[in-house]
Ligand code: ADP
Ligand code: MG
Ligand code: MG
């Protein structure tokens, strides 16, 4: 049934039409900030270091068809997912037991846990946490007439592309709304007739989450009182900066909150904790305004999610400094750890006890647990004599699976036939650092045309991944102050490519047409 949707989509473009559409899109992306810093491989190092250039983010020429029922289902469970991960984060005992298992095989997880333990020993001074989450899904079609929605993963740190995703929706909407025969318009196709992508409120939602945290922080804890602001902690040379600027601009222009950007290597130079003050406010001194320090209410991490963000002990000290301060963290170390693939496996493992019941009480809403469970694809650990180990070591069954380490940001997984070989190449004692997940099987005939950041145009079979954004602000006692769903991200990758990270260069930004 779904196959027929794709058989004539997207409509064919003549060479002239394609060239015209591509050049129109290139100009549009620059005009509207649907941009990234250029890859260092195709401009001179000099131009990169001067920071004077930007190019289009990788985008599809056409929006991709997406089943309406699946889109609505994904939106409908987002607030429940927000709450689930807030509750897991607050359940230090349960989370700790799962994380403990990873500590002797994963230095990165161990490092994060150590930061938590150090702050825990001293005592946390901030009771609030804020999450900017993104739950990622694919449409699963194998063996069934109707498409179902399956979660790929849940992100609790640096959930990106809210900013650029809104721009892609705007680009495709503008192309769709151009009058027929107009030079900007697409060739006719029944799927495009009168349709536009659904509203995308990612920027508003994500910014409102940070603004809610800023508000909840209350007055300055310093004496004398200091002006308050939000700190974005970012990676050096971030190519995806314009995505982040969409959020900070919204925060300053609409919410009237000062926002500062700080690279991880400068945290210890530019911030300090007023140690004499038992509240431990985090003080930030901007380089451009000597003598005018700000007190940071909320720290938003767009860094510190990967081992490469911790090059030296100094970076770990910087993370510890943020964690022990009074600033509200997005996310805290515990909330970051709650997003480990291991947690998702434990929740989705058909052979594990039903942990959902622990975190999602049925009393509140009949069938809520069931709605979440329906989005799970089977996941397993690799414990001796367990089902996961059996599936992973047999090449025939491994071919239907993906092996995931406790990492974020794309490019870390091992796929299909490569799994048994990979496992045999590492010590068996390290296997518990990985989880095995059944592959989701999206429609096989979907195709699209992609304009890459280096100007290349590629077309072919694609696989789409839909992300739904949500934000939540909560107290460690479980009280929820703000819980919202809003905004989405469609990423499209070449079918033959296993990975889907846009920043890692494997895929492109897209929008959706519901059918
Ligand atoms: P990361 O946190 O690094 O983004 P993911 O779990 O999202 O890790 O995996 C990266 C990519 O691998 C996804 O974007 C998707 O393309 C692919 N992938 C992961 N899990 C599955 C799955 N169960 N079925 C199909 N593809 C998957
Ligand atoms: Mg992730
Ligand atoms: Mg992912």
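In UniProt numbering, the protein residues as written are 1 to 515. Ideal Cβ positions, reconstructed from N, Cα and C, are used throughout, including at glycine.
Ligand 2 has a heavy atom closer than 7 Å to the beta-carbon of residue 153. Contact annotation: residue 511 and residue 490 have beta-carbon atoms nearer than 8 Å. Boundaries of the beta strand (DSSP E) harbouring residue 134: 128-140, taken from the DSSP string.
Counting C-beta atoms within 10 angstroms of its own C-beta, residue 332 has 16 or more neighbours from the protein chains shown and is therefore classed as buried. Rounded to the nearest whole angstrom, the CA to CA distance from residue 296 to residue 441 is 45 Å. Look at the beta carbons and you see the segment 33-45 not touching the segment 218-232: under three pairs across the two are nearer than 8 Å. Using a Cβ-Cβ distance cut-off of 8 Å, the segment 78-98 and the segment 471-482 are in contact, since at least three pairs of beta carbons, one from each stretch, lie closer than that value.
A straight line joining the alpha-carbon of residue 110 with that of residue 259 spans about 31 Å.
Boundaries of the beta strand (DSSP E) harbouring residue 510: 507-510, taken from the DSSP string. Cβ-Cβ distances below 6 Å link residue 32 to 167 in the same chain, with the five nearest sequence neighbours on each side left out; the list follows chain order.
For residue 415, same chain residues with a beta-carbon under 6 Å away, outside a window of 5 residues either side, are 402, 498 in chain order.
Fewer than three beta-carbon pairs drawn from the segment 66-82 and the segment 312-324 are found closer than 8 Å, and the two stretches are therefore not classed as touching. Pairing residue 406 with residue 340 gives a Cβ-Cβ distance under 8 Å. Counting the other Cβ atoms within 10 Å of the Cβ of residue 82 gives 16 or more, which makes it buried. At the C-beta level, residue 54 and residue 163 stay beyond 8 Å of one another.
Its Cα nearest to that of residue 423, the residue 381 stands out among 464, 95, 381, 446. Taking 8 Å as the cut-off, the Cβ atoms of residue 131 and residue 85 count as close. For residue 214, the enclosing alpha helix (DSSP H) begins and ends at 202-217.
Distance from the CA of residue 496 to the CA of residue 447, rounded to the nearest whole angstrom, comes to 12 Å. Put simply, the backbone Cα of residue 268 is about 30 Å away from that of residue 254. In the structure shown, residue 149 falls within a strand segment according to DSSP collapsed to helix, strand and coil. When rounded, the separation of the alpha-carbon atoms in residue 452 and residue 35 is 11 Å. Sequence-distant partners of residue 389 (beyond 5 residues in either direction) whose C-beta falls short of 7 Å from its own C-beta, in its chain, are 382, 383. With 16 or more other CB atoms across the displayed protein chains lying within 10 angstroms of its CB, residue 319 is buried.
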